[in-house]
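S.K.: In order, the protein sequences belong to chains V and B.
So for the first sequence, this note's numbering puts the first residue at 3; every next one is plus one.
So for the second sequence, this note's numbering puts the first residue at 3; every next one is plus one.
Glycine is no exception: its CB is placed at the ideal position from the N, C-alpha and C atoms.
It should be emphasised that the depicted structure is a prediction, and the values quoted were computed from it without experimental measurement.
Starting off with a structure, shown below.
There are 2 protein chains.
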Amino acid sequence: MKIIDGKSISQELRRELKKEVEDLKKQGIEPGLATILVGDDPASQVYVKSKIKDCAELGINSFHNPLPASAGEKDIISLIEKLNSDGKVHGILLQLPLPKGTPQDRCLESINPEKDADGLHPFNLGKLAIAKSWAEIEEQRLLAPCTPLGVMELLERSGVEISGKNAVVVGRSNLVGKPVALLLLSKNATVTMAHSRTKDLQEVCRKADILIAAIGKERFITKDFIKPGSAVIDVGINRSEKGLVGDVDFDSVKDFVSAITPVPGGVGPMTRTMLMKNTILAARKQGK
Amino acid sequence: MKIIDGKSISQELRRELKKEVEDLKKQGIEPGLATILVGDDPASQVYVKSKIKDCAELGINSFHNPLPASAGEKDIISLIEKLNSDGKVHGILLQLPLPKGTPQDRCLESINPEKDADGLHPFNLGKLAIAKSWAEIEEQRLLAPCTPLGVMELLERSGVEISGKNAVVVGRSNLVGKPVALLLLSKNATVTMAHSRTKDLQEVCRKADILIAAIGKERFITKDFIKPGSAVIDVGINRSEKGLVGDVDFDSVKDFVSAITPVPGGVGPMTRTMLMKNTILAARKQGK
Chain V
3 MKIIDGKSIS QELRRELKKE VEDLKKQGIE PGLATILVGD DPASQVYVKS
53 KIKDCAELGI NSFHNPLPAS AGEKDIISLI EKLNSDGKVH GILLQLPLPK
103 GTPQDRCLES INPEKDADGL HPFNLGKLAI AKSWAEIEEQ RLLAPCTPLG
153 VMELLERSGV EISGKNAVVV GRSNLVGKPV ALLLLSKNAT VTMAHSRTKD
203 LQEVCRKADI LIAAIGKERF ITKDFIKPGS AVIDVGINRS EKGLVGDVDF
253 DSVKDFVSAI TPVPGGVGPM TRTMLMKNTI LAARKQGK
Chain B
3 MKIIDGKSIS QELRRELKKE VEDLKKQGIE PGLATILVGD DPASQVYVKS
53 KIKDCAELGI NSFHNPLPAS AGEKDIISLI EKLNSDGKVH GILLQLPLPK
103 GTPQDRCLES INPEKDADGL HPFNLGKLAI AKSWAEIEEQ RLLAPCTPLG
153 VMELLERSGV EISGKNAVVV GRSNLVGKPV ALLLLSKNAT VTMAHSRTKD
203 LQEVCRKADI LIAAIGKERF ITKDFIKPGS AVIDVGINRS EKGLVGDVDF
253 DSVKDFVSAI TPVPGGVGPM TRTMLMKNTI LAARKQGK
């Protein structure tokens with residue numbers, strides 16, 4: 003059994019990205035990420051800070067744009083429009099959630115899809131759905147959501163074969179479940195999208211050569227859900243008395259799987275790194 | 003066993019749509035569809051003519067815009083931009099395929115997503131992927147691709163239960179497979195996307211309470227693929243010596259299923275009708 007070490011894979015990837023930034027700078031391109039934080043939610047502040055720190059580590063310029071909690075849709079969109087036309091900014095990250103009552107969709111949709119570092123713009127998700135293969139996704143330099151990209155990178159770098167395999171994605175969120183299903187499909191997996199309304203979930207999951215758990219239920223996936231020899235990616239981050247725990251009951255399943263991500267130290271570190279990768283991709287695509 | 007009669011369901015729907023157009027006209031809204039045909043491909047000419055005829059039948063204004071085969075991307079996009087800002091035009095249909103060498107994607111993407119009668123704009127597909135439920139799709143009046151919408155309407159009007167059922171979609175095209183998977187998911191099916199690289203396709207299909215065949219292989223689905231009592235929707239239209247035949251070997255499976263669409267007379271008639279439905283939806287959304 004192999005533990006897929008997200009922390010070390012993430013570090014490996016960061017070293018590669020750092021080099022890529024250096025190469026881009028030699029070509030006169032200085033990748034830049036603009037972050038927008040509306041209000042002063044403490045958790046969001048921590049997230050944005052860590053993203054700014056990641057930029058510094060990799061040599062990416064960052065431009066922080068705090069807005070007061072009182073900022074409305076108009077203020078947010080007018081800031082985004084300014085950043086859309088700012089040549090130094092290649093990626094725009096609008097930290098979610100927005101204060102209650104602010105229409106998140108309309109704000110996200112005002113981001114130029116080419117600068118959509120989080121890969122959440124409907125246009126980009128649509129392009130992802132349309133892409134016929136992973137090669138096409140790469141060729142078009144599509145910006146996809148960060149956590150699903152992190153999942154794919156973990157599978158890839160752990161040598162988990164995807165093509166022709168049965169992948170089951172449990173959970174159908176826009177941030178994880180649906181885009182990861184599309185990405186797995188683009189790599190020729192047979193993909194099943196399962197969720198809270200699925201009947202015989204255990205039986206469905208036991209067909210999985212690759213199981214992606216993105217449900218948000220503490221230790222929900224036990225050995226009864228597991229096909230022996232499968233690879234399990236645990237996207238869950240649940241706060242419990244024992245600290246952060248995943249959607250997978252690690253101890254129950256670890257002796258049956260061929261590979262598994264721990265929580266913490268699995269998917270988590272990858273999500274942050276994929277935001278950097280998207281920013282660099284966007285800079286390369288914008289080519290200036 | 004019930005034969006799902008696409009022709010009669012389509013007629014029923016047309017009667018409803020005709021009434022809806024009358025109601026809209028009373029509110030001062032005259033739904034209008036602009037068709038664009040580039041070149042003189044005979045099959046495309048037939049398709050466009052039938053769409054114009056459908057408009058006439060339902061009281062929808064149609065505006066035909068032929069372009070010579072020599073028209074390039076610029077000509078097509080400048081026509082589309084004119085139609086985008088034409089208040090009488092609520093839906094724009096760009097007949098595909100475009101002449102070889104013309105970038106289909108960029109032309110389609112120049113259509114205002116609100117006027118995307120075919121539901122093929124990446125923005126609309128992305129919104130479809132993001133929608134959390136069928137109710138949200140209806141509430142937002144999303145324009146989805148016509149054949150997948152037709153499939154959903156057939157299931158709905160034949161009383162096939164979707165929620166909690168296992169649906170298997172064979173074929174992953176952008177026109178049918180992927181959007182129909184998203185629509186089935188929005189109605190709470192557990193959805194498996196299968197395709198040419200799927201291993202043990204028969205076994206995968208035999209799990210299906212609802213089987214959608216969209217492969218483009220003549221009579222490919224035989225009784226070995228069928229779970230007894232399941233509902234089978236045949237999207238295939240293959241030209242053979244015996245005329246049009248589907249992807250499903252109708253005679254082989256008919257005694258095992260609870261419901262099945264014939265070819266012709268199943269999904270086919272629905273696709274045309276859903277284009278009309280989308281045009282009306284677009285007119286309602288644009289509200290003028």
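Could you tell me which residues DSSP puts in a beta bridge with T273 of chain B?
M.R.: Beta-bridge pairing links T273 of chain B to no other residue.
S.K.: Using a Cβ-Cβ cut-off of less than 9 angstroms, give me the residues of the region 155-166 of chain V that come near chain B, in sequence order.
M.R.: Within the region 155-166 of chain V, the residues whose Cβ lies closer than 9 angstroms to some Cβ of chain B are S165, G166, listed in chain order.
S.K.: According to DSSP, is M195 of chain B helix, strand or coil?
M.R.: Reduced to three states, the DSSP call for M195 of chain B is strand.
S.K.: State the beta-bridge partners of D236 of chain V as determined by DSSP.
M.R.: V:A215.
S.K.: I'd like to know whether the C-beta atoms of T275 of chain B and G152 of chain B end up nearer to each other than 8 angstroms.
M.R.: Cβ atoms of T275 of chain B and G152 of chain B: closer than 8 angstroms.
S.K.: Starting from the Cα of D42 of chain B, find the closest Cα among B:N63, B:P68, B:G34 and give me that residue.
M.R.: That would be B:P68, whose Cα lies nearest to the Cα of D42 of chain B.
S.K.: Listed from N- to C-terminal order along the chain, which residues in the region 189-201 of chain V have their beta-carbon within a distance smaller than 9 angstroms of any beta-carbon of chain B?
M.R.: Correct list: N190, A191, T192, V193, T194, M195, A196, H197, S198, R199, T200, K201.
S.K.: Would you mind working out which of V:L185, V:C148, V:G179 sits nearest S165 of chain V, comparing C-alpha positions?
M.R.: It is V:L185.
S.K.: Within the continuous alpha helix (DSSP H) that includes G132 of chain V, where are the two ends?
M.R.: It is Ile, not Gly, that sits at residue 132 of chain V in the sequence shown. Per DSSP, I132 of chain V belongs to the alpha helix (DSSP H) from 124-132.
S.K.: Report yes or no: do three or more beta-carbon pairs, one from the region 198-218 of chain V and one from the region 145-163 of chain B, lie closer than 8 angstroms?
M.R.: In short, these stretches do not touch, since the Cβ pair count stays below three.
S.K.: So within the region 112-176 of chain B, which uninterrupted beta strand (DSSP E) runs reach at least 3 residues, ignoring any that extend past its ends?
M.R.: The qualifying runs are 168-172.
S.K.: With distances taken between CB atoms, is the gap from V171 of chain B to I214 of chain B smaller than 8 angstroms?
M.R.: Yes, these two residues count as a Cβ contact at 8 angstroms.
S.K.: Determine the closest residue to A71 of chain V out of V:E32, V:Q97, V:G30, V:E22, with distance taken between C-alpha atoms.
M.R.: Here the closest residue by C-alpha is V:Q97.
S.K.: Contact check, I78 of chain B vs C109 of chain B under 8 angstroms by CB: the rounded distance?
M.R.: Indeed they touch by this definition, with Cβ atoms about 5 angstroms apart.
S.K.: Can you tell me the Cβ-Cβ gap for G128 of chain B and N126 of chain V, rounded? I've got them flagged as a contact below 8 angstroms.
M.R.: So it is a contact: roughly 7 angstroms between Cβ atoms.
S.K.: Which same chain residues end up closer than 6 angstroms to E22 of chain V when comparing Cβ atoms and leaving out the 5 residues on each side of it in sequence?
M.R.: Answer for E22 of chain V: I282, listed in chain order.
S.K.: Quick check on S64 of chain B: buried or exposed, where buried means 16 or more other Cβ atoms within 10 Å of its Cβ?
M.R.: With 16 or more other Cβ atoms within 10 Å, it is buried.
S.K.: Measure the C-alpha to C-alpha separation of Q47 of chain V and I94 of chain V and round it to an integer number of angstroms.
M.R.: If I take the Cα positions, the gap works out to 16 angstroms.
S.K.: Does the Cβ-Cβ distance between L145 of chain B and D107 of chain B come in under 8 angstroms?
M.R.: Going by C-beta atoms, L145 of chain B is not nearer than 8 angstroms to D107 of chain B.
S.K.: Using the Cα positions of P271 of chain B and D7 of chain B, report the straight-line distance between them to the nearest angstrom.
M.R.: Going from the Cα of P271 of chain B to the Cα of D7 of chain B covers about 10 angstroms.
S.K.: In or out: M3 of chain V buried (at least 16 other Cβ within 10 Å) or exposed?
M.R.: Its Cβ having fewer than 16 others within 10 Å, M3 of chain V is exposed.
S.K.: Going along chain B in order, which residues have a C-beta closer than 7 angstroms to the C-beta of N176 of chain V?
M.R.: Within chain B, the residues near N176 of chain V are I132.
S.K.: Within 10 angstroms of its Cβ, does E83 of chain B collect 16 or more other Cβ (buried), or is it exposed?
M.R.: Counting Cβ neighbours within 10 Å, E83 of chain B comes out exposed, since fewer than 16 surround it.
S.K.: Using the beta-carbon of each residue, which ones in chain B are nearer than 9 angstroms to G128 of chain V?
M.R.: Correct list: H123, P124, F125, N126, L127, G128, K129, L130, A131.
S.K.: At what residue ranges does the region 36-84 of chain V contain a whole run of the alpha helix (DSSP H), taking only runs of 4 or more?
M.R.: Listed in chain order, the complete alpha helix (DSSP H) runs (minimum 4 residues) inside the region 36-84 of chain V are 44-60.
S.K.: Determine the closest residue to L39 of chain B out of B:G245, B:G30, B:E111, B:K53, with distance taken between C-alpha atoms.
M.R.: It is B:K53.
S.K.: Around the C-beta of T37 of chain V, are 16 or more other C-beta atoms found within 10 angstroms, so that it is buried, or is it exposed?
M.R.: Label assigned to T37 of chain V: buried.
S.K.: Under DSSP, the beta strand (DSSP E) around I94 of chain V begins and ends at which residues?
M.R.: I94 of chain V -> beta strand (DSSP E) spans 93-96.
S.K.: What did DSSP end up calling I5 of chain V once you bin it into helix, strand or coil?
M.R.: Residue state, collapsed to three classes: strand.
S.K.: Could you check whether the Cβ of V206 of chain V sits closer than 8 angstroms to any Cβ belonging to chain B?
M.R.: True, the Cβ-Cβ gap to chain B drops below 8 angstroms.
S.K.: For K180 of chain V, return the contacting residues in chain B, with the cut-off set at a CB-CB distance below 7 angstroms.
M.R.: The answer, in chain order, is A131.
S.K.: What three-state label does DSSP hand S188 of chain B in the structure shown?
M.R.: Here S188 of chain B sits in helix by DSSP.
S.K.: Exposed or buried, what is E111 of chain V when buried is set at 16 or more other beta-carbons lying within 10 Å of its beta-carbon?
M.R.: That one is buried.
S.K.: Report buried or exposed for T224 of chain V, applying the criterion of at least 16 other Cβ atoms within 10 angstroms of its Cβ.
M.R.: The residue is exposed, with fewer than 16 neighbouring Cβ atoms inside 10 Å.
S.K.: Within 10 Å of its beta-carbon, does K27 of chain B have 16 or more other beta-carbons around it, so buried, or fewer, so exposed?
M.R.: Its Cβ having fewer than 16 others within 10 Å, K27 of chain B is exposed.
S.K.: So what's L100 of chain B in DSSP terms, helix, strand or just coil?
M.R.: Coil.
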